[in-house]
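In my numbering, the protein residues as written are 51 to 328.
The beta-carbon is built from N, C-alpha and C at its ideal position, and this holds for glycine as well.
On a predicted model such as this, the values are computed, not experimentally measured, just so you know.
So the structure is just underneath, and the comments pick up after that.
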Amino acid sequence: MAVVIDGKQVAASYRETLKERVTALRARNIVPKLKVVLIGDDPASHSYVRGKERAAQEIGIDSQVLRFDETISEKELLDLIDLMNEDEEVHGILVQLPLPKHIDESRVIMRISPEKDVDGFHPENVGKMMLGLDTLLPCTPHGILHLAKTQTEIAGKHVVVVGRSQIVGKPVGMLFLNESATVTYCHSKTKDLGEMTRQADILIVAVGRAGLVTADMVKPGALVIDVGVNRVEGRLVGDVDYEAVKEKASAITPVPGGVGPMTITMLMHNTVEVASRG
Ligand code: GUN
C-alpha cells in the first residue's frame, strides 16, 4: 500500500513560510501584487483562477483578476500587458490559458516582461531554466519537484515523464535532469509505453487521459505523480488507475489534492520572489 502524498498539506505548510515572507515585505512597505488576466468563460479556467485568488488572499498577496469577454482583440491584450509591465507596483503577470483562437498565445507570452512572468513560460525564463540558472520556474513542474523531494532523493533516480506539453511534460523533465536524475520522455508516438514506464523509479504522468497508466505499467515501489485532471462521470480523476496503482507504488499523488495545490502555491512563491527582488 502506497503512501498517499497529501499535496494540500505540503502546499499549506509551504504557504506558511510564504506568509512570513509577505509579512516581512509588508513591513518594508512592499506589497506583493499579482495581476491575473482571464478571458472568456471556460469553466475550468474560472475555477483555476478562483483558486489562485483564494491562495493569494490567504498569504497576503494583493491579487487582481481582470476579466474580459472573448471578443477582446490581440492588440488590446498586448497593450494591457505593456501597461502592467511598466507599472512598478505590479510584481507578477499571469494570462490564463487557453486563449481564444484569434489571439496568438506565444506572442502574448513573449510580451510579458520576463521579470514578471510568474508562470515561467517566457522563452528567456525557459532558457535560463534549461541552463540551470536562477529564474522563475514554471509552477506545476516546480510543485512536482517539491512534492517528489518530500519522498525521496532525486539524484541517480530514473524519472520517466509521460507527456511532453510545454507547460508540464517538457519542463518537468528538465527540472529533474538539473537534479541529476536520469530522464526518459514518453509521448503519443512512444512504441511500448508500458516497457518504458516499468523502468521508472519516479513516474510522472501528464497527458490528460483517464486510465492511461494501469498497475501492470508500474514498477513495484515506484513514486507515482499524477498530473492529469479529467472529468469522468462528473468526478475528477487523474491519468493513473489510482486504486490499482496504489497497491503497487511506494507513494502516489491523488487527484484532486495532489499536484494541483502545489501549482498554485508555486505561483505564489514566484510572486513573492519577484517582490523580494525589489
Ligand atoms: N492554464 C492551465 N494551466 C495554466 C497555467 O499554469 N498557467 C496559465 N497561465 N494558464 C494555465
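Proximal residues to residue i (C-beta, below 7 Å), its chain only, five neighbours per side dropped
| i | result |
| --- | --- |
| MET51 | LYS296 and GLU297 |
| PRO304 | VAL54 and TYR292 |
| VAL72 | PRO82, ILE109, GLY110, ILE111 and VAL322 |
| GLY90 | GLU120 and PRO150 |
| GLY12 | Lying before the first or after the last residue shown, residue 12 is absent from the chain, which here runs from 51 to 328. |
| SER163 | ASN135 |
| ARG117 | LEU88 |
| ASN79 | none |
Three-state secondary structure (DSSP) of residue i
| i | result |
| --- | --- |
| ALA250 | coil |
| ILE131 | helix |
| ILE275 | strand |
| SER63 | helix |
| THR232 | strand |
| ALA205 | coil |
| ILE217 | coil |
| ILE109 | helix |
| ASN175 | helix |
| ASN79 | coil |
| ASP291 | coil |
| VAL255 | strand |
| ALA301 | strand |
| LEU84 | strand |
| GLY7 | Since the displayed the chain opens at 51 and closes at 328, residue 7 lies outside it and no answer follows. |
| ASP56 | coil |
Distance, residue j Cα to residue i Cα
| i | j | result |
| --- | --- | --- |
| GLU70 | LEU317 | 16 Å |
| VAL210 | ASP276 | 12 Å |
| ARG327 | LEU68 | 15 Å |
| ALA13 | ASP119 | Outside the displayed span of the chain (51 to 328) sits residue 13, for which this structure offers no information. |
| ASN175 | ASN320 | 12 Å |
| ASP92 | MET267 | 34 Å |
| GLU165 | ALA265 | 43 Å |
| SER113 | GLN59 | 23 Å |
| ASP56 | LYS125 | 42 Å |
| LYS241 | ILE217 | 23 Å |
| LEU243 | PRO311 | 28 Å |
| ALA115 | ARG104 | The sequence given here places Val at residue 115; Ala does not occur at that position. Cα to Cα, the separation comes out at about 11 Å. |
| VAL86 | GLN146 | 7 Å |
| ILE131 | ARG157 | 11 Å |
| ILE252 | THR121 | 43 Å |
| LEU262 | ILE314 | 25 Å |
| ALA94 | VAL324 | 27 Å |
| VAL168 | ARG161 | 13 Å |
| GLY177 | LEU75 | 29 Å |
| ILE302 | ALA61 | 16 Å |
| LYS239 | THR247 | 14 Å |
| VAL274 | HIS172 | 29 Å |
| ILE159 | LEU133 | 15 Å |
Cβ neighbours of residue i in the same chain (closer than 8 Å, five flanking residues each side left out)
| i | result |
| --- | --- |
| ALA260 | GLY278, ASN280, VAL282, VAL287, GLY288 and ASP289 |
| GLN249 | HIS208, VAL210, THR234 and LYS269 |
| VAL99 | VAL86, LEU88, VAL115 and GLN146 |
| HIS237 | VAL212, GLY213, ARG214 and GLY219 |
Cut-off 6 Å between Cβ atoms - residues of its own chain near residue i, not counting five sequence neighbours on either side
| i | result |
| --- | --- |
| PRO221 | PRO188 and PRO191 |
| GLY219 | VAL211, GLY213 and ALA256 |
| TYR64 | THR315 |
| GLY35 | The structure shown does not extend to residue 35, since the chain spans only 51 to 328, so no value can be given for it. |
| LEU144 | VAL86, VAL168 and ASP169 |
| ALA294 | ALA265 |
Minimum Cβ-Cβ distance from residue i to chain D less than 8 Å
| i | result |
| --- | --- |
| PRO148 | Although the question refers to chain D, the structure presented lacks it and comprises just one protein chain. |
**Asked** Any contact of the segment 188-195 with the segment 217-233, i.e. 3+ C-beta pairs under 8 Å?
**Response** Output reads yes: the segment 217-233 touches the segment 188-195.
**Prompt:** Would you call the segment 174-184 and the segment 144-156 touching, i.e. three or more CB-CB distances under 8 Å?
**Reply:** Output reads no: the segment 144-156 does not touch the segment 174-184.
**Prompt:** With a cut-off of 8 Å, do at least 3 Cβ pairs link the segment 94-110 to the segment 130-141?
**Reply:** Because the criterion of three Cβ pairs below 8 Å is not met, the segment 94-110 and the segment 130-141 do not touch.
**Request:** Could you tell me whether the segment 202-220 touches the segment 228-237, using the rule of 3 or more Cβ pairs below 8 Å?
**Result:** These segments touch.
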